[in-house]
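In this note's numbering, the protein residues as written are 10 to 338.
#1: Give, in chain order, every unbroken run of the alpha helix (DSSP H) that is at least 4 residues long and sits entirely within the region 94-141.
#2: Hey, how far is the Cα of residue 236 from the Cα of residue 143?
#3: If I measure Cβ to Cβ from residue 300 and keep anything under 8 Å in the same chain, skipping five residues before and after, which residues do I get?
#4: Thinking C-alpha only, which one of 157, 234, 306 is nearest residue 274?
#5: Who are residue 315's beta bridge partners in DSSP?
#6: Tell me, please, which residues DSSP counts as bridged to residue 282.
#7: Give the C-beta separation of residue 207 and residue 309 to the nearest angstrom, bearing in mind that I take them to be a contact with Cβ-Cβ under 8 Å.
#8: Given a cut-off of 8 Å on the beta-carbon distance, is the pair residue 75 and residue 51 in contact?
#9: Quick check on this structure: which residue in 90, 118, 117, 98 has the alpha carbon closest to the alpha carbon of residue 106?
#10: Within 10 angstroms of the Cβ of residue 112, are there 16 or more other Cβ atoms? Answer buried if so, exposed if not.
#11: Taking residue 174 as the reference, which of 138, 153, 196, 117 has the closest Cα?
#12: According to DSSP, is residue 221 part of a helix, a strand, or is it coil?
#13: Alpha carbon to alpha carbon, how far is residue 78 from residue 98?
#14: Going straight from the alpha carbon of residue 183 to that of residue 231, what length do you get?
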């Protein structure tokens, strides 16, 4: 396959036309049969992840396979491409010059291939990988799988916890088909759409000594709180909202999952703030009080993300439509 991976006008370089002419002359001297799209994906992933180990994890390949691919790339471009500095693989000037046009070429090829495909959900045998946060997984999986049972009985789904820092690279590499998260600062290569709007609710155990049926802001702030987060430090969504009001709360426990937090609330006097729709669902088995948040606040919107190269992909487009039906409220 003939792939034009060079060209473009990086900052601080000669005019784009001159660069493209020079680089296209160079690539014409290559043996086109040696250009393997999989190698170019490896190059992009090493650049994004900063190392062979993480690139192997993202592409679900072994480290020796990635090292072998890098050796072939170095031979292809007659350049080291990356040089080790500590624990990171630092790109050479050539790699920095190639990466943007390379990504554009991969995206164009992906779009071209996807446009020629069809998808028949009733007979399709396919596995989708969706990146979901804790509360979205709990609210989405049941309606999604019911819909798939009716429309696409042979389709499989894997729900994974996607790292926000690598979300864009995983969508680009195809290791994620879709992701659902809060609004994130991603590039134009990632498309997104709001799929749900939710509020915050306060959760406290029945028989709580200070909270019974409702809670005002002063009482809320006087309690010790649980924060559900995947981060080791830093404020949560609710803390940011409180800071806008000029107040703050005491977080006694940081934990990773809402289920654990709800159970802890049921057995202690700690208070939890969480998405309202999930709060009603998750606390049925614990019998906790689910109360209105005691102050005006921004909505907790959820967004669906997919890579631009899959925008016209029939299977991805179908999955997006199904997920929209399951999430919109």
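We treat Cβ as the ideally placed atom computed from N, Cα and C, and that holds for glycine.
Let's see:
#1: 102-124
#2: For the purposes of this step, residue 236 is taken as residue 227 along the chain shown, with counting starting at 1. For the purposes of this step, residue 143 is taken as residue 134 along the chain shown, with counting starting at 1. Rounded to whole angstroms, residue 236 to residue 143 spans 13 Å at the Cα level.
#3: Position 291 of the chain shown, counted from the start, is the residue given in the question as residue 300. Correct list, in chain order: 210, 211, 212, 213, 220, 222, 223, 224.
#4: Taking the chain shown and counting its residues from 1, one reaches residue 274 at position 265. It is 234.
#5: Against the chain shown, residue 315 aligns to sequence position 306. For residue 315, the pairing in a beta bridge is given by DSSP as 200.
#6: By one-based count along the chain shown, residue 282 stands at place 273. In the DSSP assignment, residue 282 forms a beta bridge with 211.
#7: Within the chain shown, residue 207 is the residue found at index 198, counting from 1. Within the chain shown, residue 309 is the residue found at index 300, counting from 1. Contact flag correct, Cβ pair sits at about 5 Å.
#8: In the chain shown, residue 75 corresponds to position 66, counting from 1. In the chain shown, residue 51 corresponds to position 42, counting from 1. The answer is yes: Cβ separation under 8 Å.
#9: Position 97 of the chain shown, counted from the first residue, corresponds to residue 106. For residue 106, the closest of 90, 118, 117, 98 by C-alpha to C-alpha distance is 90.
#10: As a first step, residue 112 is located in the chain shown; it is residue number 103 there, counting from the start. Residue 112 counts as buried, since at least 16 other C-beta atoms from the protein chains shown sit within 10 angstroms of its C-beta.
#11: Taking the first residue of the chain shown as 1, we reach residue 174 at position 165. Per the Cα distances, 196.
#12: Indexing the chain shown from 1 puts residue 221 at position 212. DSSP places residue 221 in the coil class of the three-state scheme, outside both helix and strand.
#13: Walking along the chain shown from the start, residue 78 turns up at place 69. Walking along the chain shown from the start, residue 98 turns up at place 89. C-alpha of residue 78 to C-alpha of residue 98: approximately 15 Å in a straight line.
#14: By one-based count along the chain shown, residue 183 stands at place 174. By one-based count along the chain shown, residue 231 stands at place 222. Each residue's Cα considered, the two are about 47 Å apart.
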